[in-house]
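Student: I am attaching a structure below and will ask some questions about it afterwards.
Residue numbers (full-length UniProt numbering): 1 to 319.
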């Protein structure tokens with residue numbers, strides 16, 4: 001099942017020392033929360049030691065499915081714990097990881113698969129699996145796709161297995177979130193997907209460099225509500241997601257020209273004073289931005305590197 005061809009330079013999105021850094025945080029802060037994700041309406045959490053154990057278990061499970069040195073795992077979907085742990089597990093199994101746009105379809109997706117030549121893939125959505133089956137049916141190599149939302153299927157050289165096929169070794173269940181223990185922890189937030197080409201690599205780098213936990217919404221539709229639950233201290237934003245967040249903020253404010261809008265704008269212009277401080281804090285709380293301290297990544301070229309607009313300003317800038 002593996003593709004035994006040299007991998008093009010720079011294809012792997014994982015940092016070279018990703019597993020070593022994961023091991024460091026599992027040793028230094030084993031019981032701190034590494035990942036949080038809302039699933040079926042409930043927050044789940046993985047501690048650093050849980051993440052390390054799950055990566056090792058999934059790595060062995062991938063090997064049982066023919067994944068090893070020379071293999072490539074393509075990830076398509078939201079950037080959330082399943083994708084992150086599978087990416088690290090692929091490295092543990094000796095293979096490489098590539099990110100595939102979850103919006104690609106038809107000829108665009110087929111060309112992408114021919115270029116990336118993945119041997120295995122994780123495709124999050126049922127609709128995505130159907131697109132992959134159509135695009136991969138006449139591929140010149142075999143492709144094994146895992147998905148939590150699709151039954152076993154086959155079309156041409158593309159075979160689909162439920163993600164449960166990797167659970168033969170007995171997966172570690174994510175813990176119900178001990179909210180009282182993590183309420184005040186520094187937390188980074190992402191509501192991105194693999195349509196952001198650099199997203200997975202940047203997320204892994206910031207996560208493993210800092211040892212700061214990441215949190216993720218249940219889906220794009222619930223992102224605003226779930227962000228309020230977490231009140232993150234940092235946001236990982238692509239330019240398109242930043243624009244979407246600014247549009248969300250604009251929608252939540254009163255119409256331009258109204259007295260309530262003038263009051264909001266007045267408060268945000270100088271939020272240190274009296275009533276302005278209370279109004280600004282209220283607005284940031286409604287947006288889940290009351291603890292915001294930084295916007296990542298800081299190393300992308302403009303326009304992402306431009307100064308934050310006032311309503312996306314960090315706590316240090318406006319509080």
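For every residue, glycine included, the Cβ atom is placed at its ideal position computed from N, Cα and C.
None of these values were measured; they are calculated from a predicted model.
Which residues does DSSP pair with residue 234 in a beta bridge?
Tutor: Per DSSP, 188, 294.
Student: Rounded to whole angstroms, how far is the Cβ of residue 15 from the Cβ of residue 205, which I believe are closer than 8 angstroms?
Tutor: The pair is a contact, with the Cβ atoms about 6 angstroms apart (cut-off 8 angstroms).
Student: Considering only residues of the same chain and omitting the five flanking positions on each side of residue 22, which have a CB-CB separation below 7 angstroms?
Tutor: 51, 52, 55, 88, 208, listed in sequence order.
Student: Once you ignore the five residues that flank residue 77 on each side, which residues in its own chain have a CB closer than 8 angstroms to its CB?
Tutor: These residues qualify, in order along the chain: 83, 102, 122, 123, 124, 125, 128, 193, 194.
Student: Between residue 149 and the rest of its own chain, which residues show a CB-CB distance below 6 angstroms, the 5 nearest in sequence each way excluded?
Tutor: For residue 149, where only same-chain residues beyond five positions count, the Cβ hits under 6 angstroms are 126.
Student: Name the two residues that bound the continuous beta strand (DSSP E) containing residue 213.
Tutor: That run of the beta strand (DSSP E) goes 213–216.
Student: For residue 100, count neighbouring C-beta atoms within 10 Å of its own C-beta (all shown protein chains included) and say buried if the count is 16 or more, exposed if not.
Tutor: Buried, because 16 or more other Cβ atoms sit within 10 Å of the Cβ of residue 100.
Student: Give me whichever residues DSSP pairs with residue 124 in a beta bridge.
Tutor: Looking at the DSSP assignment, residue 124 forms no beta bridge with any residue, so it has no partner.
Student: Taking 8 angstroms as the threshold (C-beta atoms), are residue 109 and residue 74 in contact?
Tutor: Going by C-beta atoms, residue 74 is not nearer than 8 angstroms to residue 109.
Student: Taking only runs that begin and end inside the region 21–109, name each unbroken beta strand (DSSP E) of 3 or more residues, in chain order.
Tutor: Listed in chain order, they are 33–39, 42–47, 72–76, 96–99.
Student: In the DSSP assignment, the alpha helix (DSSP H) including residue 222 goes from what residue to what residue?
Tutor: Looking at the DSSP string, residue 222 is not in any alpha helix (DSSP H), and its letter there is neither H nor E.
Student: Looking at C-beta atoms only, is the number of pairs between the region 216–230 and the region 26–41 that lie closer than 8 angstroms three or more?
Tutor: The region 216–230 is in contact with the region 26–41.
Student: Whole angstroms are fine: how far does the CA of residue 251 sit from the CA of residue 261?
Tutor: Looking at the two C-alpha atoms, the distance is approximately 11 angstroms.
Student: Would you kindly check if the distance between the Cβ of residue 288 and the Cβ of residue 228 is under 8 angstroms?
Tutor: A contact, by the Cβ cut-off of 8 angstroms.
Student: Does any residue of chain D have a CB that is nearer than 8 angstroms to the CB of residue 122?
Tutor: In the displayed structure, chain D is absent; only one protein chain is listed.
Student: Taking the beta strand (DSSP E) that residue 147 falls in, what are its first and last residues?
Tutor: From DSSP, the beta strand (DSSP E) with residue 147 extends over 143–147.
Student: With distances taken Cα to Cα, identify the nearest neighbour of residue 154 among 105, 147, 133, 266.
Tutor: Selected option, being the one with the closest Cα: 133.
Student: Expressed to the nearest angstrom, what Euclidean distance is found between the alpha-carbon atoms of residue 46 and residue 259?
Tutor: Roughly 46 angstroms between the two C-alpha positions.
Student: Please state whether DSSP places residue 287 in a helix, a strand or coil.
Tutor: Three-state result, residue 287: coil.
Student: Decide if the region 178–186 is in contact with the region 161–168; the criterion is three or more beta carbon pairs, one per stretch, under 8 angstroms apart.
Tutor: As far as the Cβ criterion goes, the region 178–186 does not touch the region 161–168, which means the pair count is below three.
Student: For residue 25, which residues from the same chain have a beta carbon less than 6 angstroms from its beta carbon, with the 5 sequence-adjacent residues on both sides left out?
Tutor: Excluding residues within five positions, the ones whose Cβ falls inside 6 angstroms are 48, 211.
Student: Residue 160 by DSSP, collapsed to three states: which one?
Tutor: Here residue 160 sits in strand by DSSP.
Student: Mind reading off the beta-carbon distance from residue 120 to residue 139? Whole number of angstroms is fine, and I expect it under 8 angstroms.
Tutor: About 13 angstroms; that fails the 8 angstroms criterion.
Student: In whole angstroms, what separates the C-alpha of residue 224 from that of residue 44?
Tutor: Whole-angstrom Cα-Cα distance: 18 angstroms.
Student: In whole angstroms, give me the CA-to-CA distance for residue 233 and residue 248.
Tutor: Using only the alpha carbons, I get a separation of about 19 angstroms.
Student: Please look up how many angstroms separate the CB atoms of residue 238 and residue 196, rounded, as I've assumed it's under 8 angstroms.
Tutor: The pair is a contact, with the Cβ atoms about 4 angstroms apart (cut-off 8 angstroms).
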